[in-house]
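Asks: Below: one structure in structure tokens.
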Amino acid sequence: MKGFKEGFKTGIPIGLGYFAVAFSLGIAAAKAGLSPFQGFLTSFLVNASAGENAAFIAIRESVPYIQMILITLVSNIRYVLMSFALSQKIDPKANILHRLLLGFYLTDEYFALAISQDGYCDPFYSYGAIAFAAPCWALGTAFGILMGQTLPFKIVSALSVALYGMFLAIIIPPAKKQKTIAVLIIVSFLSSYLLSEFTPLSESTVTIILTIVISSFGAILWPIKGEIHED
């Protein structure tokens, strides 16, 4: 499968970034009392760093289950908006299994890869990226629990920067091709900084507000004409 092979290659830098970030996440899991296997299983089943970190803090503080559910829901609610957008890129003929798998593995990075494809997104392209990156995420958490406490704080902090560099590598190529995307990215960066610095809103709330406002702004000013079609 050509799409799977291409996706697997694309997933390599994502997986390396995931491993680095999950390593630092594993330290939070260790403080919550999780074993390496428990950390591995958590990251294997939950593909969200903010949600996992919030859950680990909740476990450490022994909060009630209902409160833990609400905390993780708020932390990950932006994925609802991403799901709406991704549903427009999936071939209407795609079966329910493809839709469930793409929804289960919906992260910022997988989402960016899917919507960057011309025409409908190829599920097998996403599966290729997931095949490499997902195990890296789970293994990174496990190794973070095992080794995180023995490494200097500066090294752990440096590892967490890797994912941001990888994400820039995803958004810069389409920004070079379309000035509209470049403008919206710049507006997003500036707006996110201003809201984070000068309002008491949480990171998740800021993400949701900016996603709705900026995407609506872009859709009104620069609508995409015609329907998605296969090349």
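Residues in the sequence shown are numbered from 214 upward in steps of one, following this note's numbering. The beta carbon of each residue, even a glycine, is placed where N, CA and C say it ideally should be. Keep in mind that this is a model prediction, so the values were computed, not measured.
#1: Does the count of Cβ pairs from the stretch 260-269 and the stretch 386-396 closer than 8 Å reach three?
#2: Give me, in chain order, the residues of the same chain whose beta-carbon lies closer than 7 Å to that of GLY239; leave out the 5 immediate sequence neighbours on both sides.
#3: Apart from the five residues on each side of it in sequence, which residues of its chain come closer than 7 Å, Cβ to Cβ, to ALA395?
#4: Under 8 Å, do ALA346 and TYR231 count as touching if we go by C-beta distance?
#5: Cβ of TYR340 within 8 Å of Cβ of PHE217?
#6: Please give me, in chain order, every unbroken run of the alpha helix (DSSP H) with length at least 4 that falls completely inside the stretch 296-339.
#7: Mapping the DSSP letters down to three states, classify MET360 as helix, strand or coil.
#8: For ASN260, name the three-state secondary structure that DSSP assigns.
#9: With a Cβ-Cβ cutoff of 8 Å, do THR420 and LEU326 count as a contact?
#10: Out of ILE303, ILE282, ARG291, PRO436, which one is the CA nearest neighbour of PHE337?
#11: Work out the CA separation of PRO249 and TRP350 for me, nearest whole Å.
#12: Out of PRO305, SER275, ILE422, point me to the one whose CA is closest to LEU408's CA.
#13: Would MET295 and LEU313 qualify as a contact pair, given that the criterion is a beta-carbon distance under 8 Å?
#14: Do PHE317 and LEU299 have their beta-carbon atoms positioned less than 8 Å apart in this structure?
#15: Taking the alpha-carbon positions, what's the LEU364 to ALA245 distance?
#16: Mapping DSSP to helix, strand and coil, what is ALA245?
#17: Does the beta-carbon distance from THR424 to ARG291 come in below 8 Å?
#18: Buried or exposed: VAL234, going by 16 or more other Cβ atoms within 10 Å of its Cβ?
Replies: Taking the coordinates as given:
#1: Here the stretch 260-269 makes no contact with the stretch 386-396; the two share fewer than three CB pairs at distances below 8 Å.
#2: Here residue 239 corresponds to residue number 26 of the sequence shown, with the count starting at 1. Same-chain partners within the cutoff: GLY252, GLY353, THR354, ALA355, PHE356, GLY357, ILE358, GLY361.
#3: The sequence position of residue 395 within the sequence shown is 182, counting from 1. Here the set comprises ALA388.
#4: Here residue 346 refers to the residue found at position 133 of the sequence shown. Here residue 231 refers to the residue found at position 18 of the sequence shown. Taking the C-beta atoms as reference points, TYR231 is found nearer than 8 Å to ALA346.
#5: To locate residue 340, count along the sequence shown from 1; it is residue 127. To locate residue 217, count along the sequence shown from 1; it is residue 4. Remark: C-beta atoms of TYR340 and PHE217 approach each other more closely than 8 Å.
#6: Correct list: 309-317, 321-328.
#7: For the purposes of this step, residue 360 is taken as the residue at position 147 of the sequence shown. In the three-state scheme derived from DSSP, where H, G and I count as helix and E and B as strand, MET360 is classed as helix.
#8: Walking along the sequence shown from the start, residue 260 turns up at place 47. Judged by DSSP in its simplified three-state form, ASN260 adopts coil rather than helix or strand.
#9: Working through the sequence shown from its first residue, we reach residue 420 at position 207. Working through the sequence shown from its first residue, we reach residue 326 at position 113. LEU326 sits away from THR420, with the two beta carbons spaced by 8 Å or more.
#10: On the sequence shown, position 124 is the one that residue 337 refers to. Nearest in C-alpha terms to PHE337, of all of ILE303, ILE282, ARG291, PRO436, is ILE303.
#11: Indexing the sequence shown from 1 puts residue 350 at position 137. Indexing the sequence shown from 1 puts residue 249 at position 36. Computed Cα separation, rounded: 13 Å.
#12: For the purposes of this step, residue 408 is taken as residue 195 along the sequence shown, with counting starting at 1. Comparing Cα positions, the closest option is ILE422.
#13: As a working mapping, residue 295 is identified with position 82 in the sequence shown. As a working mapping, residue 313 is identified with position 100 in the sequence shown. No.
#14: Numbered from 1 along the sequence shown, position 86 holds the residue referred to as residue 299. Numbered from 1 along the sequence shown, position 104 holds the residue referred to as residue 317. Taking 8 Å as the Cβ cut-off, LEU299 and PHE317 do not qualify as a contacting pair.
#15: For the purposes of this step, residue 364 is taken as residue 151 along the sequence shown, with counting starting at 1. For the purposes of this step, residue 245 is taken as residue 32 along the sequence shown, with counting starting at 1. Cα-Cα distance, rounded: 18 Å.
#16: In the sequence shown, the residue the question calls residue 245 occupies position 32. Taken through DSSP and simplified to helix, strand or coil, ALA245 comes out as coil.
#17: As a working mapping, residue 424 is identified with position 211 in the sequence shown. As a working mapping, residue 291 is identified with position 78 in the sequence shown. Result yes, Cβ atoms of THR424 and ARG291 sit closer than 8 Å.
#18: Numbered from its first residue, the sequence shown carries residue 234 at position 21. Label assigned to VAL234: buried.
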